[in-house]
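Peer 1: Note that the working numbering gives residue 343 to position 10 of the sequence shown, counting from 1, and the numbers run on in steps of one. Heads up, the beta-carbon is just placed ideally off N, CA and C, and yes, glycines get one too.
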Amino acid sequence: MSTPKTVLTEDAAELLKLSKETMRRWGRLGNGPIKPVKVGRKFLWRLEDINRLLAGE
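1. What whole-angstrom Cβ distance do Leu349 and Leu386 have, given they're in contact under 8 angstroms?
2. Excluding the 5 residues preceding and the 5 following Glu381 in the sequence, name in chain order all residues of the same chain whose CB lies nearer than 8 angstroms to its CB.
3. Which residues bound the alpha helix (DSSP H) around Lys350?
4. Alpha carbons only, please: which of Val372, Arg358, Arg379 is nearest the one belonging to Ile345?
5. Quick check on Gly360: buried or exposed, where buried means 16 or more other Cβ atoms within 10 Å of its Cβ?
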């Protein structure tokens, strides 16, 4: 079984210990340290980017 390469905003927020609204703001304004992939009206966040941010890179 493969690991998903992206997660929904809710899951990304939980992993980063941030609010969902902060993640949505980053997606809308494009001013966060990581950028989402927009699919329709949803933002998907790359696990690779989240892990890099958590590692302090």
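Peer 2: If we stick to the structure as given:
1. Residue mapping note: residue 349 aligns to position 16 of the sequence shown, counting from 1. Residue mapping note: residue 386 aligns to position 53 of the sequence shown, counting from 1. Confirmed, about 7 angstroms.
2. As a first step, residue 381 must be located in the sequence shown, where it is residue number 48. The residues are Lys338.
3. Working through the sequence shown from its first residue, we reach residue 350 at position 17. Careful: Lys350 lies outside any alpha helix (DSSP H) and carries neither H nor E.
4. Taking the first residue of the sequence shown as 1, we reach residue 345 at position 12. Note that residue 345 is Ala in the sequence shown, not Ile. The option with the nearest alpha carbon to Ala345 is Arg379.
5. Within the sequence shown, residue 360 is the residue found at index 27, counting from 1. Classification of Gly360: buried, given that the 10 Å Cβ count is 16 or more.
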